[in-house]
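Beneath this line is the structure, given in structure tokens, with notes to follow.
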Amino acid sequence: MNNYTKLRPVIVPLDVKKHQKASALAAQQSHPEIAKQVYLNILAVTAVSHLLKWLEFETNLEQTNSFNPLLTGLFNATDLIVENQQLFCMPILPGETEFSASLDITENFIGYVAVQFQQSLDKVEILGFYPAVKNNLPEKISLAELQPLDNLFEFLEKNKQEVLPQNPLVNLGNWFTGIFEEIWLPPEAVLTPRLGFAKSSSVDTVKRAKTIDFGLLLNQQKVALVITIQPEVDSDMGVLVQVYPIGTQEYLPPGLRLKIELELDIEEVESRAADQLIQLEFSEISGKCFSVKVILDDAEIVENFVV
Numbered sequence: 249m250n251n252y253t254k255l256r257p258v259i260v261p262l263d264v265k266k267h268q269k270a271s272a273l274a275a276q277q278s279h280p281e282i283a284k285q286v287y288l289n290i291l292a293v294t295a296v297s298h299l300l301k302w303l304e305f306e307t308n309l310e311q312t313n314s315f316n317p318l319l320t321g322l323f324n325a326t327d328l329i330v331e332n333q334q335l336f337c338m339p340i341l342p343g344e345t346e347f348s349a350s351l352d353i354t355e356n357f358i359g360y361v362a363v364q365f366q367q368s369l370d371k372v373e374i375l376g377f378y379p380a381v382k383n384n385l386p387e388k389i390s391l392a393e394l395q396p397l398d399n400l401f402e403f404l405e406k407n408k409q410e411v412l413p414q415n416p417l418v419n420l421g422n423w424f425t426g427i428f429e430e431i432w433l434p435p436e437a438v439l440t441p442r443l444g445f446a447k448s449s450s451v452d453t454v455k456r457a458k459t460i461d462f463g464l465l466l467n468q469q470k471v472a473l474v475i476t477i478q479p480e481v482d483s484d485m486g487v488l489v490q491v492y493p494i495g496t497q498e499y500l501p502p503g504l505r506l507k508i509e510l511e512l513d514i515e516e517v518e519s520r521a522a523d524q525l526i527q528l529e530f531s532e533i534s535g536k537c538f539s540v541k542v543i544l545d546d547a548e549i550v551e552n553f554v555v
């Protein structure tokens with residue numbers, strides 16, 4: 249883990265490249281006040297991104313509203329995706345002592361960072377962090393209420409350790425021709441025999457399973473993700489997604505979530521105290537992509553598929 253205790257206050261220079269990027273986006277706005285807000289938003293978010301990347305956190309400006317000319321000027325701040333979390337970067341002008349909380353937040357919103365500008369615009373000072381409080385965000389946040397940046401860095405470091413790697417796209421159509429990725433095995437090779445997992449009842453049905461390991465979060469306990477596919481009419485594919493306990497565990501851990509993200513829909517189910525499996529079923533047309541997420545607390549494993 250990095251040592252952050254010497255990083256307060258944090259001064260980030262605003263070089264020519266940052267100003268050029270901000271100017272290019274501000275020039276796309278016809279209203280001078282909106283153009284000014286865009287300019288400050290972009291300088292703030294690129295400065296915070298620069299700092300976090302220097303600290304070896306993963307940021308992604310392209311996934312945010314920051315560089316969307318239709319959105320970035322609508323708010324007094326702009327968001328930054330860092331370690332798959334949404335962080336708002338708030339420009340603070342000389343003399344300002346508070347800022348308005350933005351309402352354009354997502355479920356993975358973690359808080360605000362205040363970015364103090366000077367008249368010269370040659371550098372900014374990143375003042376501090378205001379963490380998200382569920383259902384209890386004030387309309388105005390005083391700069392005196394900001395927490396040290398160390399709190400943000402420690403949160404991101406913890407999240408960085410808990411976010412498990414995302415796997416490449418799996419082509420389910422290949423499964424019908426007997427082509428499988430090495431980690432996707434016959435269910436009987438993964439599941440505990442006492443569960444009595446039923447084999448495919450149709451010659452057209454294909455089932456595969458893989459082990460999911462949440463490591464320390466489950467005290468090294470593992471679960472199995474099972475995908476069952478079957479062709480349907482009009483090039484549709486029926487998909488059944490299940491999660492089972494494996495090893496010596498009879499039940500799934502309570503609060504384990506299975507989420508399916510389709511192009512136009514999201515489905516989710518959560519395990520209870522004595523569930524031996526959870527499952528979701530849907531149909532999708534050929535060529536469409538979807539994601540399967542298995543989530544425990546703040547950690548998730550993502551599997552991406554194409555039909």
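Per our numbering, the very first residue in the sequence shown carries number 249; after that it's consecutive.
Idealized CB from N, CA, C, for every residue including glycine.
The structure displayed is predicted, hence computed values, not measured ones.
Quickly, what does DSSP pair tyrosine 198 with across the bridge? List them, please. This structure cannot settle anything about residue 198, because the visible part of the chain is limited to 249 through 555.
Per DSSP, what kind of secondary structure is asparagine 332 in: helix, strand or coil? As a working mapping, residue 332 is identified with position 84 in the sequence shown. Asparagine 332: coil per DSSP, three-state reduction.
By the three-class DSSP mapping on this structure, what secondary structure does glutamine 490 have? Here residue 490 corresponds to residue number 242 of the sequence shown, with the count starting at 1. Correct three-state label for glutamine 490: strand.
For lysine 541: DSSP bridge partner residues: As a working mapping, residue 541 is identified with position 293 in the sequence shown. In the DSSP output, where bridge partners are listed per residue, lysine 541 has Lys507, Val550.
With DSSP collapsed to three states, give me the class of glutamine 367. In the sequence shown, residue 367 corresponds to position 119, counting from 1. Glutamine 367 falls in the coil class under three-state DSSP.
Let's see if you can read the secondary structure: which residues bound the alpha helix (DSSP H) around glutamine 478? As a working note, residue 478 is residue 230 in the sequence shown. Not the alpha helix (DSSP H): glutamine 478 falls in the beta strand (DSSP E), residues 470-479.
Beta-carbon separation of isoleucine 340 and glutamine 364 under 8 Å? Taking the first residue of the sequence shown as position 1, residue 340 is located at position 92. Taking the first residue of the sequence shown as position 1, residue 364 is located at position 116. Yes, Cβ-Cβ distance for isoleucine 340 and glutamine 364 is below 8 Å.
Closest residue to glutamine 527 among Ser534, Ile533, Asp482, Val542 (Cα-Cα distance): Here residue 527 refers to the residue found at position 279 of the sequence shown. Closest option to glutamine 527, Cα to Cα, is Val542.
Just mark lysine 455 as buried or exposed, buried being the case when its beta carbon has 16 or more other beta carbons within 10 Å. Your numbering for residue 455 matches position 207 in the sequence shown. So lysine 455 ends up on the buried side.
Within its chain, find whatever has a CB closer than 7 Å to the CB of serine 390; leave out the 5 residues flanking it on each side and keep chain order. Mapped onto the sequence shown, residue 390 falls at position 142. If we look at serine 390 and ignore the five residues flanking it on each side, its Cβ neighbours are Thr345, Glu346.
For leucine 512, is the classification buried or exposed, using 16 other Cβ atoms within 10 angstroms of its Cβ as the cut-off for buried? Within the sequence shown, residue 512 is the residue found at index 264, counting from 1. Classification of leucine 512: exposed, given that the 10 Å Cβ count is below 16.
Could you tell me which of Ile374, Leu439, Gly495 sits nearest to leucine 400, measuring between CA atoms? Here residue 400 corresponds to residue number 152 of the sequence shown, with the count starting at 1. The shortest Cα separation from leucine 400 among Ile374, Leu439, Gly495 belongs to Ile374.
I'd like to know if the region 418-435 and the region 493-506 are in contact, where contact means that at least 3 CB-CB pairs between them fall below 8 Å. no
Check leucine 273 in the structure and name its three-state DSSP category. To locate residue 273, count along the sequence shown from 1; it is residue 25. Residue state, collapsed to three classes: helix.
Quick check: the Cα distance between phenylalanine 357 and alanine 274, rounded to an integer number of angstroms? On the sequence shown, residue 357 is found 109 positions in, with the first residue counted as 1. On the sequence shown, residue 274 is found 26 positions in, with the first residue counted as 1. About 26 Å.
DSSP state of valine 293, grouped into three classes? As a first step, residue 293 must be located in the sequence shown, where it is residue number 45. Helix.
N- and C-terminal bounds of the beta strand (DSSP E) containing valine 438: As a first step, residue 438 is located in the sequence shown; it is residue number 190 there, counting from the start. That residue, valine 438, is in no beta strand (DSSP E); it is neither H nor E in DSSP.
Looking only at its own chain, which residues have a Cβ that is under 6 Å from the Cβ of asparagine 552, when we skip the five neighbours before and after it? Taking the sequence shown and counting its residues from 1, the one referred to as residue 552 is at position 304. For asparagine 552, where only same-chain residues beyond five positions count, the Cβ hits under 6 Å are Leu417, Ser539.
Rounded to a whole number of angstroms, what is the C-alpha to C-alpha distance between threonine 440 and glutamine 490? On the sequence shown, residue 440 is found 192 positions in, with the first residue counted as 1. On the sequence shown, residue 490 is found 242 positions in, with the first residue counted as 1. In a straight line, the C-alpha of threonine 440 is about 14 Å away from that of glutamine 490.
For aspartate 461, list the residues DSSP reports as bridge partners. The sequence position of residue 461 within the sequence shown is 213, counting from 1. Paired residues: Lys470.
Given this structure, state the Cα-to-Cα distance separating lysine 388 from glutamine 276, to the nearest angstrom. As a first step, residue 388 must be located in the sequence shown, where it is residue number 140. As a first step, residue 276 must be located in the sequence shown, where it is residue number 28. If I take the Cα positions, the gap works out to 29 Å.
With distances taken from CA atoms, which of His298, Lys536, Leu544, Leu291 is nearest valine 555? What you label residue 555 is simply residue 307 of the sequence shown in a count that begins at 1. When only C-alpha atoms are compared, the closest one is Lys536.
So glycine 486 and glutamine 469 are supposed to be a Cβ contact under 8 Å. How far apart are they, rounded? Mapped onto the sequence shown, residue 486 falls at position 238. Mapped onto the sequence shown, residue 469 falls at position 221. Not quite, the Cβ-Cβ distance comes to about 30 Å (not below 8 Å), so this is no contact.
Simplified DSSP state of leucine 385, which is helix, strand or coil: Taking the sequence shown and counting its residues from 1, one reaches residue 385 at position 137. Of the three classes helix, strand and coil, the one that applies to leucine 385 here is coil, per DSSP.
Near asparagine 250, what residues of its chain come up, given a Cβ to Cβ distance below 8 Å and the 5 sequence neighbours on each side ignored? Position 2 of the sequence shown, counted from the first residue, corresponds to residue 250. Low local confidence applies: a pLDDT of 49 at asparagine 250 is under 50, so the model's placement there is unreliable, and no value is given.
How many Å lie between asparagine 419 and asparagine 289 at the Cα? Reading the sequence shown from its first residue, position 171 is the one you call residue 419. Reading the sequence shown from its first residue, position 41 is the one you call residue 289. Taking the straight line joining both Cα atoms gives about 40 Å.
Phenylalanine 305 in three-state terms, based on DSSP: Your numbering for residue 305 matches position 57 in the sequence shown. DSSP places phenylalanine 305 in coil when its eight states are reduced to three.
Burial state of serine 534 (16 or more Cβ within 10 Å): Position 286 of the sequence shown, counted from the first residue, corresponds to residue 534. With fewer than 16 other Cβ atoms within 10 Å, it is exposed.
Whole-angstrom Cβ separation of valine 474 and tyrosine 499, contact assumed at under 8 Å? Counting from 1 along the sequence shown, the entry for residue 474 is found at position 226. Counting from 1 along the sequence shown, the entry for residue 499 is found at position 251. Rounded, the Cβ-Cβ distance is 16 Å, inconsistent with contact.
Short of 8 Å in beta carbon distance, which residues of its chain neighbour alanine 242, apart from the five on each side in sequence? Order them along the chain. Residue 242 falls outside the range modelled here, since the chain spans only 249 to 555, and no answer is possible.
Are the CB atoms of alanine 295 and leucine 262 within a distance shorter than 8 Å? Mapped onto the sequence shown, residue 262 falls at position 14. Mapped onto the sequence shown, residue 295 falls at position 47. Against a cut-off of 8 Å, the Cβ pair of alanine 295 and leucine 262 comes out as a contact.
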